[in-house]
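Everything below concerns the one structure shown next.
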Amino acid sequence: MENNLIVEINNSRAFVKKLQLLLDQQDLHCLDISSIKSLVNSLTTSIENTMTRTQFAIFQGEQIKQEESPSSVNDTPRVQRSKKRIRRSKEKFTRHVKVTVNLAKGLAGSLEDGYHWRKYGQKDILGTKHPKGYFRCTYSQSRQCLATKHVQMSDGDRTVFDITYFGEHSCFPGESKNKETVPPDHDVITENASVLSLPDMSELFYQDYLALENEFSFATNYYLS
DNA sequence: CTCATTTGACCTCG
DNA sequence: CGAGGTCAAATGAG
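Here the first sequence stands for residues 1 to 225, numbered as in the UniProt record's numbering.
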C-alpha cells in the first residue's frame, strides 16, 4: 500500500517535471498543446489516485485498531467460523464504476485491468432482473490482497455494468500470471476511457457477460462514493 | 492434477 | 426476520 502511494506520488512528480520542461523549452507561440493537455490529464489522474490511496491508507489504519477477539481452542468449529466471518464495514472505502462493454473487438486483451479476479458467489438481488456477482482478488490468500468487487448488470441496458470495488489491491498488476501483457492499473484507465458503441447485444446471455467481466474491469465515469 | 466456478448453506446486519 | 454477503464442497475446465 505504502509502495503504491509512493509510486503514485513519484508519477505526479514526473508529470510535473515533464510539463515544466515542455513549457521551458518551447516558444510560447509554438507550444505543443496536445502534449500539454495529455500531461495535465495524466497529472490529474495521478493526483486522484494518490487521494484514493491515501484515503484507503487512513481507512486501513482505523481497521488495525479494531482488534478481533482471538479464537479459543474451546470454541466449536461453528463458533470459530463465526468469529472468522466478522463482517467489516466496507462502505468506508468503495469505488463505484459504470462500465459499457464493447464486444465487437477482442475484449479480453484490450479491456483487462491486469488484476485477476476470482468469483466467490452470486446472488439474486431483490428488485433487480439480474443476479449480482461477487469477486475477490485471486491473490487474496497468498498476498493478503483485500480487494473485492460486486458486479451488477444494469436493468435497463444490458451492455452496462455497475461495478462496486471494495478495498485496494495490495498486489500489483505486474504480478499477473499472463506475463505477456503489462496492462495499466485500472485507476489510470479513466484517462483513456471512452464509451464504446455496441452491436446488437440481445443474444448474449448474462453468464457471458460475467465471464467477460472476469477478464476485465475498466472504468468509465468513475467516482468515489 | 490444479485451479476456477457454481451453488446451497450459513452468517451478519438493519 | 428478510436481504445481502460469504463460505466451502462439489463440479468442471484446461
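All C-beta atoms in this analysis are idealised placements derived from N, C-alpha and C, irrespective of residue type, glycine included.
Can you tell me which of the three DSSP states residue i falls into?
{"i": "cysteine 137", "result": "strand"}
{"i": "glutamine 122", "result": "strand"}
{"i": "valine 7", "result": "helix"}
Residue j and residue i - do their beta-carbons sit closer together than 8 angstroms?
{"i": "threonine 148", "j": "glycine 167", "result": "yes"}
{"i": "glutamine 122", "j": "lysine 132", "result": "yes"}
{"i": "tyrosine 120", "j": "tyrosine 134", "result": "yes"}
{"i": "leucine 19", "j": "isoleucine 33", "result": "no"}
{"i": "valine 16", "j": "leucine 43", "result": "yes"}
Which word fits residue i, buried or exposed, when buried means at least 16 other C-beta atoms lie within 10 angstroms of its C-beta?
{"i": "lysine 136", "result": "Note that residue 136 is arginine in the sequence shown, not lysine. By the neighbour-count rule (16 or more Cβ atoms within 10 Å), arginine 136 is buried."}
{"i": "residue 279", "result": "In the structure displayed, the chain extends from 1 to 225; residue 279 sits before or after that span and is not available."}
{"i": "isoleucine 125", "result": "exposed"}
{"i": "leucine 146", "result": "buried"}
Tell me, please, which residues DSSP counts as bridged to residue i.
{"i": "lysine 37", "result": "The partner list for lysine 37 (beta bridge, DSSP) is empty, contrary to what the question assumes."}
{"i": "lysine 132", "result": "Lys123 and Gln152"}
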